[in-house]
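This report concerns only the one structure given below.
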Amino acid sequence: MKEGSLEAPTRHPLDWKTEEFYNEESCSDEMERIFDICHGCRRCVSLCGSFPTLFDLIDEGETGEIDSVDKKDYWKVVDQCYLCDVCY
């Protein structure tokens, strides 16, 4: 898919039958990886409440990077997401 394409993004199936899928530490690590990518781009800031929440947490943190956000606060971002898939 090219940037700016009108095609829907490719969604890869989740491997929800493995134990790793339900590992909270792995989930937290994956959220940190994704949030770091989002923080570097910020293109989706106007799409839903998740992004302003994420960026406020990062911007108000000690370093201004995802590493200064308490992992417990990741759920504040998740709670704003309603799985619309507009963000890819």
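Residue numbers (our numbering): 30 to 117. Yeah, the Cβ is synthetic: ideal placement off N, Cα and C, and Gly gets one too.
Query: Below 8 Å on the Cβ atoms is my guess for CYS77 versus CYS56; work out the distance and round it to an integer in Å.; Result: Contact doesn't hold; Cβ gap of about 20 Å is too wide.
Query: Roughly how many angstroms lie between the CA atoms of VAL107 and ALA37, to the nearest whole one?; Result: 22 Å
Query: Buried or exposed for SER97, please, with buried defined as at least 16 other CB atoms from any protein chain shown within 10 angstroms of its CB.; Result: exposed
Query: Count Cβ pairs between the segment 87–104 and the segment 54–72 that sit closer than 8 Å; are there 3 or more?; Result: yes
Query: Would you identify the three-state DSSP class for SER75, choosing helix, strand or coil?; Result: coil
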